[in-house]
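Chemist: Pasting a structure below so you can have a look.
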Amino acid sequence: MKPLEIIVLVSIGRHPVSGRERRAVNDARALAVARSLTDRSHIKVVHAGDPDSPVLAEYLGIGADCIEVLPVPAGCDVMPGLAHEIDKRKPDVVLTASQAERGRASGLLPYALAKRAGLSLTPGVSSIDTTHDGDFRIHQALPGGQRRALAATPPLLATVDATATTVPPFVYARSRRGEIRTLEPPAEMPALDELDIRPARRRPKRINVGSGNQSAAERLRAAAGAQSAGGQQIEAADPEKAAEAIIDFLRDKKVLRPASEQ
Amino acid sequence: MTVRNRRRAPHATGTKRRNPRAERDINRSPSAMTGGTGPTGRRRYDPRAARGQMADSGRRRLDRSGRGQTVVSMGSAATTQSAAEPRPIVIDQPAFYILAVPDCADGRPSSQDRDILGAARTLADAGNGGAVVALDFGGRAALGPLGADRVIDTSSVGDDYTPETRMACVIAAIDLLAPAHVVFPDAGINGGDLARRVAAERNQPLATHCQRVAGDQVISRVDGTKSEVYCTPPLLIAVDAESAEPVAGAPREGRIIEFETPEVDTGIRDLGPVPVDPASIPLAEADFILAAGNGVRDWETFHELSRALGASEGASRVVCDAGDMPRDRQVGASGTIVNPRCYVAVGISGAPQHLQGITDVENVVAIDVKANTPMQKRADLGVVGDASTIMKALLRRLEAKHEAA
Chain A
-19 MKPLEIIVLV
-9 SIGRHPVSGR
1 ERRAVNDARA
11 LAVARSLTDR
21 SHIKVVHAGD
31 PDSPVLAEYL
41 GIGADCIEVL
51 PVPAGCDVMP
61 GLAHEIDKRK
71 PDVVLTASQA
81 ERGRASGLLP
91 YALAKRAGLS
101 LTPGVSSIDT
111 THDGDFRIHQ
121 ALPGGQRRAL
131 AATPPLLATV
141 DATATTVPPF
151 VYARSRRGEI
161 RTLEPPAEMP
171 ALDELDIRPA
181 RRRPKRINVG
191 SGNQSAAERL
201 RAAAGAQSAG
211 GQQIEAADPE
221 KAAEAIIDFL
231 RDKKVLRPAS
241 EQ
Chain B
347 MTVRNRRRAP
357 HATGTKRRNP
367 RAERDINRSP
377 SAMTGGTGPT
387 GRRRYDPRAA
397 RGQMADSGRR
407 RLDRSGRGQT
417 VVSMGSAATT
427 QSAAEPRPIV
437 IDQPAFYILA
447 VPDCADGRPS
457 SQDRDILGAA
467 RTLADAGNGG
477 AVVALDFGGR
487 AALGPLGADR
497 VIDTSSVGDD
507 YTPETRMACV
517 IAAIDLLAPA
527 HVVFPDAGIN
537 GGDLARRVAA
547 ERNQPLATHC
557 QRVAGDQVIS
567 RVDGTKSEVY
577 CTPPLLIAVD
587 AESAEPVAGA
597 PREGRIIEFE
607 TPEVDTGIRD
617 LGPVPVDPAS
627 IPLAEADFIL
637 AAGNGVRDWE
647 TFHELSRALG
657 ASEGASRVVC
667 DAGDMPRDRQ
677 VGASGTIVNP
687 RCYVAVGISG
697 APQHLQGITD
707 VENVVAIDVK
717 ANTPMQKRAD
727 LGVVGDASTI
737 MKALLRRLEA
747 KHEAA
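Chains as they are written, first to last, in the working numbering: chain A, -19 to 242; chain B, 347 to 751.
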């Protein structure tokens, strides 16, 4: 079978505490997912931005052989350039983080790229496997630590978030050995519109107090999390009956699957 | 003498002026607006009428919810308004529509879904006489009381993961109603994904991670969490969790709109859930928790039961202090604040610090020998009996079902 051709899109991230530039964690995970799928020589790592950024070497250190940089000045849209690059190379899979760590970080880029390049998009991917007929079997992360299996056909764009594979350790020698290649500037670089950006204000956490005609004592209990749920109580003289009541309750709330499905 | 540093009138700066009287009237019980008509034509509030309203307990109480339970009118017997079903507000000829797309992930609206219906309500009320239309993928949820004037039933889409079909539904609804705004919950692979798909398909601006939604302004968070963008509301708005208030007060009609679900070829197929080892799930994320307290002596049965139920294990502080469970499994104020769909507490009496950790849990089951504990009061199902025998009975039942299948 022909090896998969993969493009990984990487960006410059920011450390949440120090604020320093670093590799974006989920982009690094996307690179790790790509390495689990195919040989290193079939992975193209593409960055749109400043070719001289020292952060790019960090991606070399965690397993990229070469990073190709589309020189796009700050304040310009990277989408048309990246879409053109994807059109030109026709990869089987494009992998990237679900959203950037700095800049607009709206998470819209993968969707715009998928639309423009005609890829099917799967968000929140935790792992990808190939099947013998060339399709992909994807595990998607759900809230609550659950996973869902999906089948998808190439070409595919998958976004990766914090649940994906762990990033391989940084190797200094590899980061020195790797190559950063600057590509031709893209033909289309529309300027992004100016926004009214201000520093974020902290918003108060919402307190779960009841409203309406509750008494002050009830509101206090609600805020402390000790309000009565008004549920039923059974005195279990017979443990079997108690067990049945509990299992029925769990089935009713769909926490346990019904007996017919088990 | 000249007055210096005089504040400029608000309208001179271009900001929209508030109408404090209208804001105050919203919260007043309609039955108390009986003070006649003032010189400006505004209906007046009669404080004596408001004071006359009494709660069921017989104590005098101001009822600002508009749900007025028992109304005592002068010189007549108490008349009971329909307390259970207040009359819904009907908008027959809406000036415009606001489309809300709640996730309804388990067929039920989540707290974020309630919030975005509240945000849609804010937008509809800010312009005059707008109606909120909710797209109901669950198909079973009653969205009228949550603020939806109209409901589009798209339950035929089903519970499977079909983002392309859902996107087609939203786009068909936009074409049908030409709404002024479409409000999504900005929640990961569900609402957040759907909002971005629609934005890319329609090439429309989308305000992501919105922190505040008002008629003239939305505040959207950018640059990680460091900065905010203030802008006029675009067509598509994705609202973060806990960033809007759910609708309070009288319910809405929730009239069903005729709608044909579009057929779509989808590139992605849902193969169903994958079994996950519950012990590997972090407690804060777990969906189903079996927690042990000081009343548990039989640890072998407890661990067996958690395996049989497929539940993650939690514990109270006492148990972690004694070393019976690891510290990362502690639930409560000094441990983890959890939010599972169901929390089964075995032998936990329910110290306030422990209850603080389960404030948001919907379904709580308590198993304990004591009947009058705070945990038993908090529980939706309380079982009074010996924890060990009940756990063994549960195990027997689960194993019997397993063998029968």
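Glycine residues also receive a C-beta, built at the ideal position from the N, C-alpha and C atoms.
Closer than 7 Å by C-beta to T612 (chain B): which residues in its own chain qualify, once you throw out the five before and the five after it? Chain order, please.
Modeler: Closer than 7 Å at the Cβ level, and outside the excluded window around T612 (chain B), lie T508, E510 and T511.
Chemist: If we cut at 7 Å on Cβ distances, does G561 (chain B) have a partner in chain A?
Modeler: Chain A contact via Cβ: absent.
Chemist: Is it the case that the Cβ atoms of L617 (chain B) and T682 (chain B) are separated by a distance below 7 Å?
Modeler: No.
Chemist: Rounded to whole angstroms, how far is the Cβ of Y576 (chain B) from the Cβ of Q563 (chain B), which I believe are closer than 8 Å?
Modeler: With 8 Å as the limit, Y576 (chain B) and Q563 (chain B) qualify as a contact, their Cβ atoms being about 6 Å apart.
Chemist: Can you tell which of A:L130, A:A217, A:S155 and A:A10 has its C-alpha closest to the C-alpha of A80 (chain A)?
Modeler: Of the listed residues, the one whose Cα sits closest to A80 (chain A) is A:A10.
Chemist: Measuring only the C-alpha atoms, how far is L122 (chain A) from A545 (chain B)?
Modeler: When rounded, the distance between both Cα atoms is 23 Å.
Chemist: How about G29 (chain A) and V5 (chain A): do their beta carbons lie closer than 7 Å?
Modeler: Cβ distance not < 7 Å, so G29 (chain A) and V5 (chain A) don't count as in contact.
Chemist: For L727 (chain B), which residues of its own chain have a beta-carbon under 6 Å away from its beta-carbon, when the five flanking residues on both sides are left out?
Modeler: Once the five neighbours on either side are set aside, the close Cβ partners of L727 (chain B) are V711.
Chemist: What does I227 (chain A) touch in chain B if you count any residue whose Cβ is under 8 Å from its own?
Modeler: Residues of chain B passing the Cβ test: L740, R743 and L744.
Chemist: If I measure Cβ to Cβ from A590 (chain B) and keep anything under 6 Å in the same chain, skipping five residues before and after, which residues do I get?
Modeler: Around A590 (chain B): D461, G464, A465 and V559.
Chemist: Check each residue of the region 53 to 73 of chain A: if its Cβ is closer than 9 Å to any Cβ of chain B, include it; give the result in chain order.
Modeler: So nothing in the stretch comes that close.
Chemist: Would you identify the three-state DSSP class for D176 (chain A), choosing helix, strand or coil?
Modeler: D176 (chain A) falls in the coil class under three-state DSSP.
Chemist: When the Cα of G639 (chain B) is compared with those of B:R653, B:S662 and B:E646, which residue comes out closest?
Modeler: Residue B:S662 is the option with its Cα nearest to G639 (chain B).
Chemist: Leaving out the 5 sequence neighbours to the left and right, which residues in its chain are closer than 8 Å to E574 (chain B) when beta-carbon positions are compared?
Modeler: Q557, I565, S566, R567 and V568, listed in sequence order.
Chemist: Sorted by chain position, which residues of the same chain lie with C-beta nearer than 6 Å to Y689 (chain B)'s C-beta, five sequence neighbours on each side aside?
Modeler: Once the five neighbours on either side are set aside, the close Cβ partners of Y689 (chain B) are I635, I704, V707 and V710.
Chemist: Taking the continuous beta strand (DSSP E) assigned at R363 (chain B), which residues delimit it?
Modeler: Note, R363 (chain B): premise wrong, no beta strand (DSSP E); not H, not E.
Chemist: Among the candidates A:V(-12), A:R181 and A:P165, whose CA atom is the shortest distance from the CA of P243 (chain A)?
Modeler: In the structure as shown, chain A starts at -19 and stops at 242, and residue 243 (chain A) therefore has no counterpart that could be examined.
Chemist: Where E659 (chain B) and C450 (chain B) are concerned, what is the direct C-alpha to C-alpha distance, given to the nearest angstrom?
Modeler: Those two C-alpha atoms are separated by around 27 Å.
Chemist: Rounded to whole angstroms, what's the CA-CA distance from D732 (chain B) to R653 (chain B)? Just pull it up for me.
Modeler: Between D732 (chain B) and R653 (chain B), the C-alpha separation is close to 20 Å.
Chemist: Taking C-alpha atoms, which residue in A:L163, A:D218, A:T110 and A:A138 lies nearest to K(-18) (chain A)?
Modeler: Among A:L163, A:D218, A:T110 and A:A138, the Cα nearest to that of K(-18) (chain A) belongs to A:T110.
Chemist: When the distance is taken between beta carbons, is P434 (chain B) closer than 7 Å to E599 (chain B)?
Modeler: In contact: E599 (chain B) and P434 (chain B) (Cβ atoms closer than 7 Å).
Chemist: Which residue comes first and which comes last in the beta strand (DSSP E) that contains K24 (chain A)?
Modeler: Taken as a continuous stretch (DSSP letters only), the beta strand (DSSP E) holding K24 (chain A) covers I23 to G29.
Chemist: Taking Cβ-Cβ distances shorter than 7 Å, what residues in chain A pair up with F634 (chain B)?
Modeler: Per Cβ cutoff of 7 Å: V235.
Chemist: Can you grab the Cα-Cα spacing for the pair V642 (chain B) / Q676 (chain B), in whole Å?
Modeler: Straight-line Cα distance between these residues: approximately 15 Å.
Chemist: Output the distance between the C-alpha atoms of I517 (chain B) and A746 (chain B), rounded to the nearest integer angstrom.
Modeler: I517 (chain B) and A746 (chain B): Cα-Cα distance of roughly 49 Å.
Chemist: Going along the chain, which residues of its own chain have a beta-carbon closer than 8 Å to the beta-carbon of A223 (chain A), five neighbours each way excluded?
Modeler: Cβ neighbours of A223 (chain A) beyond the five flanking positions: none.
Chemist: Against chain A, which members of the region 709 to 732 of chain B pass a CB distance test of less than 8 Å?
Modeler: Flagged, chain order: N709, V710, V711, I713, A717, P720, Q722, K723, R724, A725, D726, L727, G728, V729, V730, G731 and D732.
Chemist: At a Cβ threshold of 7 Å, is R9 (chain A) touching chain B?
Modeler: Not one chain B Cβ lies under 7 Å of R9 (chain A).
Chemist: Please list, in chain order, the chain B residues whose beta carbon lies closer than 8 Å to that of E81 (chain A).
Modeler: The contacting residues are G570.
Chemist: As a quick exercise: from A:L75, A:A63 and A:P(-4), pick the residue whose alpha carbon is nearest that of E(-15) (chain A).
Modeler: It is A:L75 whose Cα lies nearest to the Cα of E(-15) (chain A).
Chemist: Please name the residues in the region 151 to 177 of chain A whose beta-carbon is closer than 8 Å to at least one beta-carbon of chain B, in chain order.
Modeler: The region 151 to 177 of chain A vs chain B, Cβ under 8 Å: L175, D176 and I177.
Chemist: Measure from the alpha carbon of S502 (chain B) to the alpha carbon of each residue in B:R673, B:P393, B:P698 and B:F605, then state which is nearest.
Modeler: Nearest option by C-alpha distance: B:F605.
Chemist: Against chain B, does G211 (chain A) count as a neighbour if the rule is that its beta carbon must be under 7 Å from one of theirs?
Modeler: Cβ-Cβ to chain B under 7 Å: yes for G211 (chain A).
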